[in-house]
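Residues in the sequence shown are numbered from 12 upward in steps of one, following this note's numbering.
Where a beta carbon is used, it is the ideal one built from N, C-alpha and C, also for glycine.
Small disclaimer: the values here were computed from a predicted structure and weren't measured.
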Amino acid sequence: MITPLIDGSNTMSSVENGSFFPARPGYSSACSENMPSNLKLAYGFYPGITAHIEELESLLAMDDEPLLSAIRKQQVMSFIARHYNDRDRRTTPIKPQEVQDLVRQAEGNWEVFYQSHALADPQKRSAYCERLRFGVMTEKRALSTWAAEVNPYPPAEYVVVANRGEVACRILEAAHALNKKVILLHDGNDLPYDGLLREGDFLYYVPCFKDTSRRGNIRYDIVGMHALAQALENDKIDLHTVAVHPGWGFNAEDPEWVAEVERLGFRVVGPHSQIIRYLGNKTNAVAFARAAGLDTPISSGKIVGRKGLPTGADPETEWNGVEILVRQFFHQCGEQGISLLILKDALGGGGAGQKLLTRPTVTELVEAVRQYWQTYIEFSVDQFLATTRHVEFQVVSDVMGNVRFGEPRDCTLQRARQKYNEETTGFPPALATAMQEKIRNFLVRVHQKLGWHYTGAATFEFLYDPESERFYFMEVNTRLQVENCVSACVDGIDYFRTQLDIADRKILLSQEELDRRRHEDRAHAIQARICLERILGEDERTALSRSLKHEVECIPVGGPGVFLTRLDVPAQQGVYLFGDDRLLWQIRRQGQAPIPMGYDSMAMKIVATGKTAEEARWKLHEAISQLVVEGPGIHSNRDLILLTLEHAHRGEARELARRKIADDALAILRAQKEWETLAARGTIRRHEFQILTLREGALTAEQWAFLETVLDGYNLKTFYPNRFKISCLWIGMLNPLWRKLNRYGISFVHPTIEVIIHERLVSFLSSLLRCMTGLDPQEIVLRKKSAGLLPRDLVSFSGWDQAKLRSYFRQATLSGL
């Protein structure tokens with residue numbers, strides 16, 4: 012039986028409450044509950060009406076060929092939507108082939124129409140387009156008049172969940188708490204939502220959520236929304252009473268998809284599509300930030316790539332202008348002592364489209380920019396800030412422009428640019444308040460520029476320099492993020508319920524009222540994402556990173572024969588679970604949950620709270636130490652998180668050290684895989700190559716005494732740090748056999764293992780020592796030297812040269828170390 016984490020109780024929350032994970036008492040919406048039930052607004056305030064009017068205006072501005080192309084797309088979409096629901100999509104999944112057949116049939120109908128009206132003739136085409144424009148103008152006038160009318164704005168009755176996995180379960184839970192019915196989009200292959208639905212809820216099958224491979228006239232994710240709109244209208248459901256929640260990822264930041272959903276008449280849970288489009292461009296967002304008084308890294312500004320040039324522009328002339336700009340920026344950076352630069356795709360995200368240049372020459376920079384200019388629509392060259400933290404501010408804003416803030420988050424710990432361990436920051440109130448005022452100013456400027464208040468949740472991302480206490484703006488994510496529950500556990504706010512309330516035009520409570528919800532027992536929160544993934548060995552990592560052309564540290568598990576049979580954590584006060592309820596339901600009912608390939612690998616998030624950061628971290632460590640994740644083919648990142656929490660630098664403010672934490676933990680796990688593989692091949696038993704588990708957190712006195720004995724045995728005039736590291740290798744790597752080194756000697760090493768030592772020792776040993784002691788090897792030598800154990804004039808820091816390492820290793824072997 013699954014035991015949930017819940018304060019003071021082991022009772023599983025019921026199906027009727029919408030979740031198998033525990034309820035979170037005291038966590039509620041940030042909006043006022045005392046709103047008038049007869050709220051009235053002009054229809055022009057509805058994004059759907061405005062989007063439709065804007066579409067008609069764009070049609071009127073088109074020439075004949077683009078106008079016909081737009082009308083063709085509308086007719087194709089209308090035909091597909093009508094025939095998509097010939098079979099009941101609440102019970103019958105749809106296959107991509109069916110959509111392709113409908114697309115071909117609709118395009119064939121258009122060709123017949125085109126030929127029958129002789130639209131290939133320029134005169135007849137022009138006359139037909141004039142009639143079209145007259146009809147569009149008439150519709151626009153009627154719609155504009157209607158938009159001026161004031162009508163009741165009822166709360167949404169239905170919530171469409173346009174996502175899947177954990178976020179879908181959280182939206183479903185929030186919608187049920189507000190007594191709304193739920194429509195879950197489903198591709199027919201993912202896990203079912205059995206046991207989570209209430210009366211009136213239903214699944215609606217779509218071919219996919221976001222088909223990035225089809226960026227032509229027809230996108231299957233948009234086809235699905237058109238078909239859903241048609242099905243709901245057939246059931247006499249007013250689309251203005253249907254809210255669409257895109258969750259995170261997928262379509263949440265896709266302005267094209269959001270604009271189409273608005274135009275269909277749905278109520279989108281989030282900001283207007285124009286805001287998403289504008290802020291989704293990082294160079295636009297940075298310009299807003301500068302105007303709002305936020306610091307930004309030194310930047311070249313927006314550079315328009317070849318694919319973004321206007322029609323008729325001469326590429327070579329444009330490139331010459333870009334090259335001059337880049338050379339000027341290079342010299343500006345040189346004058347200010349800036350040697351680290353990063354190229355960033357203005358429309359990218361999640362670390363994609365970024366390239367770091369370390370001390371480039373002007374020629375190297377120009378060549379890198381040239382490659383980006385050929386590839387991307389827009390990009391920039393920015394100063395890279397190496398010793399900073401990745402900090403996020405949780406923001407919510409309502410239709411009246413009221414802006415409220417949750418607890419900021421530190422999301423520095425990442426592997427392959429993906430977060431896995433986040434916590435609250437504990438900034439001084441004055442520092443946080445100053446940043447909040449600048450963010451408010453930012454959103455005011457958005458309203459002034461675009462005419463729409465930002466409505467819903469937003470995440471403002473910064474690089475924070477602990478020494479200067481300055482925040483450097485990075486970007487705005489126009490949605491909630493996976494780690495929102497880190498702030499929620501401190502704030503006592505259900506951000507999903509808040510989003511739905513804002514979509515119903517409810518007004519946010521004051522910041523003072525929201526701050527009073529906080530309790531000293533949960534002043535700090537720290538989260539770990541439990542992902543079903545396998546950490547890659549060094550060879551796999553190198554090969555995959557090279558083939559995929561981006562950094563890869565782990566791969567998700569899933570597919571035929573992969574099942575989760577246990578997902579257990581003992582209950583603990585102040586620790587909460589947020590996860591995919593479907594896994595628990597499947598395990599409870601069937602004894603196992605299949606893990607399909609190609610879906611989000613995150614099974615749950617564990618959040619621990621406490622009065623201090625250390626207390627919260629201790630609670631999280633206890634919870635994850637007792638976490639059981641089992642099943643055939645199942646791997647998880649449990650060990651990675653434990654190593655991260657045990658790292659000696661984990662609680663320090665030095666960002667340079669914090670940035671090494673994830674790399675250290677991954678290096679240790681990769682080394683463990685290497686030694687386990689070699690032990691299986693060689694003559695030495697597997698258990699003799701266990702890596703120190705680091706539960707002690709530092710070298711013991713006994714280990715130091717042995718190390719000093721080894722150092723005293725060196726009959727060299729100069730102490731070489733590389734030889735010191737070899738000694739540390741055996742102390743750390745051969746636990747618990749290090750005490751038997753004098754008896755075994757070093758000659759027992761298998762030849763294959765010796766090769767790996769030569770190739771892999773440097774990176775592993777550095778990680779191991781930092782994890783155990785919080786110090787680099789050179790710092791350890793300095794500490795031993797200052798204690799009088801080594802003469803000062805005998806210490807030399809020659810670096811970690813691989814050739815010297817092999818030489819010293821041979822010397823150590825010959826001397827019987």
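**Q.** Proximity of residue 461 and residue 286 at Cβ, strictly below 7 angstroms
**A.** For the 7 angstroms CB-CB criterion, residue 461 and residue 286 form a contact.
(Q) Mapping the DSSP letters down to three states, classify residue 374 as helix, strand or coil. (A) In the structure shown, the three-state DSSP call for residue 374 is helix.
Q | DSSP three-state assignment for residue 234, whether helix, strand or coil | A | In the structure shown, residue 234 adopts helical secondary structure according to DSSP, grouped into three states.
Q. Smallest Cα separation from residue 262: which of 625, 236, 168 and 96?
A. Distances from the CA of residue 262 to each of 625, 236, 168 and 96 were compared; the closest alpha carbon is that of 236.
Q.
I'd like to confirm the pairing. Which residues does DSSP put opposite residue 620 in its beta bridges?
A. In the DSSP assignment, residue 620 is bridged to 536.
Q. Taking buried to mean at least 16 other C-beta atoms within 10 Å of its own C-beta, is residue 632 buried or exposed?
A. When all chains shown are included, residue 632 counts as buried.
Q: Could you have a look at residue 574 and say whether DSSP puts it in helix, strand or coil?
A: DSSP places residue 574 in the strand class (E or B) of the three-state scheme.
Q) Helix, strand or coil: which one does DSSP assign to residue 358? A) Three-state DSSP puts residue 358 in coil, outside helix and strand.
**Q.** Beta-carbon proximity of residue 656 to residue 628, cut-off 7 angstroms
**A.** A contact, by the Cβ cut-off of 7 angstroms.
Q. Buried or exposed: which applies to residue 405, given that a residue is buried once 16 or more other Cβ atoms fall within 10 Å of its Cβ?
A. With 16 or more Cβ atoms within 10 Å of its Cβ, residue 405 is classed as buried.
Q) By Cβ distance, which residues of its chain are closer than 8 angstroms to residue 90, with the 5 residues on each side in sequence left out? A) Around residue 90: 113, 116, 117 and 120.
Q: In angstroms with no decimal places, state the Cα-to-Cα distance between residue 199 and residue 81.
A: C-alpha separation (whole angstroms): 31 angstroms.
**Q.** C-beta atoms of residue 519 and residue 451 nearer than 7 angstroms
**A.** Residue 451 is positioned such that its CB atom lies no closer than 7 angstroms to that of residue 519.
Q: Name the two residues that bound the continuous beta strand (DSSP E) containing residue 485.
A: That run of the beta strand (DSSP E) goes 481-488.
Q.
Between the alpha carbons of residue 326 and residue 320, how many angstroms are there, rounded?
A. Taking C-alpha positions only, residue 326 is separated from residue 320 by approximately 8 angstroms.
Q | Opposing strand residues paired with residue 567 [DSSP bridges] | A | According to DSSP, residue 567 shares a beta bridge with 544.
Q: Could you pull out every residue in the same chain whose Cβ sits closer than 7 angstroms to the Cβ of residue 437, ignoring the five residues on either side in sequence?
A: Setting aside the 5 residues that flank it on each side, residue 437 is surrounded in the same chain by 535 and 624, each with a C-beta closer than 7 angstroms to its C-beta; the list follows chain order.
Q) What are the boundary residues of the beta strand (DSSP E) that residue 53 is part of? A) First-last of the beta strand (DSSP E) with residue 53: 51-53.
Q) When the Cα of residue 358 is compared with those of 465, 57 and 488, which residue comes out closest? A) Residue 488 is the option with its Cα nearest to residue 358.
Q: Can you say whether residue 124 is buried or exposed, counting buried as having 16 or more other CB atoms within 10 angstroms of its CB?
A: Exposed: under 16 other Cβ atoms inside 10 Å.
Q. In whole angstroms, what separates the C-alpha of residue 581 from that of residue 630?
A. Distance from the CA of residue 581 to the CA of residue 630, rounded to the nearest whole angstrom, comes to 12 angstroms.
(Q) Below 8 angstroms, how does it come out for the stretch 631-647 and the stretch 564-580: are there three or more Cβ pairs, yes or no? (A) Touching, per the Cβ criterion.
(Q) Suppose the cutoff is 6 angstroms on Cβ atoms and the five residues either side in sequence are ignored; what does the same chain contact list for residue 765 look like? (A) Unreliable positioning characterises residue 765 in this predicted model, as indicated by a pLDDT of 44, which lies under 50. A coordinate reading is not provided.
Q | Alpha-carbon to alpha-carbon, residue 172 and residue 396 | A | Cα to Cα, residue 396 sits roughly 38 angstroms from residue 172.
Q: State the Cα-Cα distance for the pair residue 312 and residue 267, rounded to the nearest angstrom.
A: When rounded, the distance between both Cα atoms is 25 angstroms.
Q. Looking at C-alpha atoms only, which residue of 195, 54, 60 and 650 is the closest neighbour of residue 169?
A. Nearest to residue 169 by alpha-carbon distance, out of 195, 54, 60 and 650, is 195.
Q: Assign residue 538 to one of two classes, buried (16 or more other C-beta atoms within 10 Å of its C-beta) or exposed (fewer than that).
A: By the neighbour-count definition (other C-beta atoms within 10 Å, threshold 16), residue 538 is a buried residue.
**Q.** Rounded separation between residue 440 and residue 678 - CA only
**A.** Between residue 440 and residue 678, the C-alpha separation is close to 37 angstroms.
Q.
Under 8 angstroms: do the stretch 142-161 and the stretch 125-134 share three or more Cβ pairs, one atom per stretch?
A. No, they do not touch.
Q) Given a threshold of 16 other Cβ atoms within 10 Å of its Cβ, counted over all protein chains shown, does residue 182 qualify as buried or as exposed? A) Buried.
Q.
At the 7 angstroms Cβ level, is residue 250 part of the contact set with chain B, yes or no?
A. Of the protein chains in this structure there is only one, and it is not chain B.
(Q) To the nearest angstrom, how far is the alpha carbon of residue 618 from that of residue 577? (A) Near 19 angstroms, if we compare the C-alpha coordinates of residue 577 and residue 618.
Q) Any idea which residues DSSP pairs residue 554 with across the strands? A) For residue 554, DSSP assigns no beta-bridge partner whatsoever.
Q.
Quick check on residue 778: buried or exposed, where buried means 16 or more other Cβ atoms within 10 Å of its Cβ?
A. Counting the other CB atoms within 10 Å of its CB gives residue 778 a total of 16 or more, which places it among the buried residues.
Q: Look up residue 306 in the DSSP assignment and say whether it is helix, strand or coil.
A: It is a strand residue.
Q) Contact between the stretch 197-216 and the stretch 520-528: three or more CB pairs below 8 angstroms? A) Segments in contact, no.
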